[in-house]
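J.: Take a look at this one; I'll ask things after.
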Ligand SMILES: [Zn+2]
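Residue numbers (this note's numbering): 219 to 547.
Listed below in structure tokens is the structure:
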């Protein structure tokens with residue numbers, strides 16, 4: 219599960235032992251995978267972050283509501299963006315924020331009215347979108363996701379670049395209803411289409427389209443206004459991200475409200491800019507890789523320097539984004 223991050227599991231001692239198996243330094247360089255050789259000098263064995271540290275980062279982020287339609291509200295704040303459907307059939311959530319925010323999240327939902335919590339849909343397996351699965355399930359929600367979300371939640375993962383170690387989720391946090399390609403729901407007068415995207419940010423990404431309100435949640439296949447994270451350990455790639463964004467662009471119109479996994483509410487123009495930025499970045503890093511530049515050399519070349527002031531202010535700076543592109547090309 220962590221094959222792309224396996225370099226981190228080599229201790230300095232193991233590397234030196236491996237080196238001792240070869241006659242000299244040049245042989246060592248040839249024998250080790252290029253990415254490992256490049257990464258090693260820059261990666262002293264830092265202990266991975268844990269979920270406890272990661273949760274604390276979102277701890278006090280306020281929850282801000284934005285009305286999307288009569289029955290639909292966008293909540294931004296402590297984790298990936300959440301949509302709440304609230305009406306006569308009850309409440310349905312798309313994504314569930316992070317656990318330290320649960321009390322505030324629950325209060326926000328309770329303040330919307332007495333309708334019971336019925337469903338929660340996970341856009342993908344990442345913890346900042348599924349961390350309250352266990353709490354919303356206990357509060358009455360049936361959990362729904364693409365089948366890989368459930369599978370990934372049962373595994374341990376070490377997220378590349380973020381250096382975040384995640385343990386398997388408890389059984390009560392696993393989606394009870396899963397699907398492979400698509401799933402239709404009728405809820406609060408809306409027709410929802412849930413569709414699997416080919417591996418993009420992970421191999422578990424879905425979009426959730428509320429057809430009547432013309433609202434689309436894209437999960438982390440869309441970061442509005444910033445470079446994105448790409449999870450190579452669970453099937454993500456820059457090519458998949460570009461393909462996913464392109465597929466969604468063909469599905470939306472100029473009035474579609476597009477909810478990204480992270481960042482402010484967007485529209486077709488925002489998604490086009492994001493997709494075009496990824497294409498530009500991919501082409502530049504591809505050129506370096508084709509010229510046999512190592513990962514470290516490609517990062518050091520700063521191929522996205524002119525884009526960084528606009529796109530590099532979020533979780534991913536230019537160096538991290540180049541790393542993610544290079545390793546998934
Ligand atoms: Zn994610």
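The beta carbon of each residue, even a glycine, is placed where N, CA and C say it ideally should be.
Given 7 Å as the limit, tell me if residue 313 has its C-beta closer than that to any heavy atom belonging to ligand 1.
T.: Because no heavy atom of ligand 1 lies under 7 Å away, the Cβ of residue 313 does not count as near it: no.
J.: What whole-angstrom Cβ distance do residue 455 and residue 546 have, given they're in contact under 8 Å?
T.: The pair is a contact, with the Cβ atoms about 4 Å apart (cut-off 8 Å).
J.: Hey, residue 437 and residue 448 are a contact pair by Cβ (cut 8 Å); roughly how many whole angstroms apart?
T.: That pair is no contact at about 13 Å.
J.: Have a look at the DSSP bridge pairing and note the partners of residue 295.
T.: Its beta-bridge partners are 297.
J.: Is it the case that the CB of residue 358 approaches a heavy atom of ligand 1 more closely than 7 Å?
T.: Every heavy atom of ligand 1 is 7 Å or more from the Cβ of residue 358, so no.
J.: Can you tell me whether DSSP reads residue 400 as helix, strand or coil?
T.: In this structure, residue 400 counts as strand in the three-state DSSP scheme.
J.: Relative to ligand 1, is the shortest distance from any of its heavy atoms to the C-beta of residue 438 smaller than 7 Å?
T.: Result yes, Cβ under 7 Å from ligand 1.
J.: Would you grab the beta carbon distance between residue 314 and residue 354 for me? Rounded to a whole angstrom, and I think it's under 8 Å.
T.: The pair is a contact, with the Cβ atoms about 5 Å apart (cut-off 8 Å).
J.: Would you check if there are 3 or more beta carbon pairs closer than 8 Å linking the stretch 292-300 to the stretch 470-486?
T.: Yes, since at least three Cβ pairs between the stretch 292-300 and the stretch 470-486 fall closer than 8 Å, the two stretches touch.
J.: When DSSP builds the beta bridges, which residues end up paired with residue 285?
T.: Beta-bridge pairing links residue 285 to 291.
J.: For the candidate residues 419, 330 and 320, whose alpha-carbon lies nearest to that of residue 284?
T.: It is 330.
J.: Could I get the ranges of all uninterrupted beta strand (DSSP E) runs contained in the stretch 345-431, with 3 residues as the minimum, in chain order?
T.: List check, beta strand (DSSP E) in window: 360-364, 375-377, 382-384, 395-397, 400-405, 408-414 and 424-428.
J.: Could you tell me the distance, in whole angstroms, from the CA atom of residue 499 to the CA atom of residue 366?
T.: One C-alpha to the other measures close to 28 Å.
J.: With DSSP collapsed to three states, give me the class of residue 470.
T.: Coil.
J.: In whole angstroms, give me the CA-to-CA distance for residue 400 and residue 459.
T.: Cα to Cα, the separation comes out at about 19 Å.
J.: How many Å lie between residue 364 and residue 481 at the Cα?
T.: The straight-line gap from Cα to Cα measures roughly 23 Å.
J.: Closer than 7 Å: is that where the CB of residue 401 sits relative to any heavy atom of ligand 1?
T.: Checking every heavy atom of ligand 1 against the Cβ of residue 401, none is found closer than 7 Å.
J.: Quick check on residue 317: buried or exposed, where buried means 16 or more other Cβ atoms within 10 Å of its Cβ?
T.: Buried, by the Cβ-count rule.
J.: Whole angstroms is fine: what's the gap from residue 418's alpha carbon to residue 324's?
T.: Rounded to the nearest angstrom, the two C-alpha atoms are 31 Å apart.
J.: Please look up how many angstroms separate the CB atoms of residue 408 and residue 289, rounded, as I've assumed it's under 8 Å.
T.: About 7 Å separates the two Cβ atoms, so the contact holds.
J.: Could you give the uninterrupted runs of the alpha helix (DSSP H) lying entirely in the stretch 441-468, keeping only those of 4 residues or more?
T.: Whole alpha helix (DSSP H) segments, 4+ residues: zero.
J.: Cα-Cα, which of 464, 504 and 485 is closest to residue 473?
T.: Ranking the options by Cα distance to residue 473, first place goes to 485.
J.: Please determine, among 452, 268, 405 and 492, the residue with the shortest C-alpha to C-alpha distance to residue 384.
T.: Answer by Cα proximity: 268.
J.: Where do the N-terminal and C-terminal ends of the alpha helix (DSSP H) with residue 479 fall, by residue?
T.: Per DSSP, residue 479 belongs to no alpha helix (DSSP H) and is neither H nor E.
J.: So, for residue 435: in the same chain, excluding its five sequence neighbours on each side, which residues have a beta-carbon less than 7 Å away from its beta-carbon?
T.: Counting only Cβ-Cβ distances below 7 Å, and skipping sequence neighbours, we find 301, 312, 341, 425, 426 and 477.
J.: Let's see if you can read the secondary structure: which residues bound the alpha helix (DSSP H) around residue 323?
T.: Taken as a continuous stretch (DSSP letters only), the alpha helix (DSSP H) holding residue 323 covers 320-329.
J.: Measuring only the C-alpha atoms, how far is residue 262 from residue 521?
T.: Here the model assigns residue 262 a pLDDT of 49, short of 50, so the residue's position is not dependable, and the following value carries that caveat. C-alpha separation (whole angstroms): 25 Å.
J.: By DSSP, does residue 338 sit in helix, in strand, or in coil?
T.: Correct three-state label for residue 338: strand.
J.: Identify which residue in 513, 502, 506 and 542 has its Cα closest to the Cα of residue 525.
T.: Per the Cα distances, 502.
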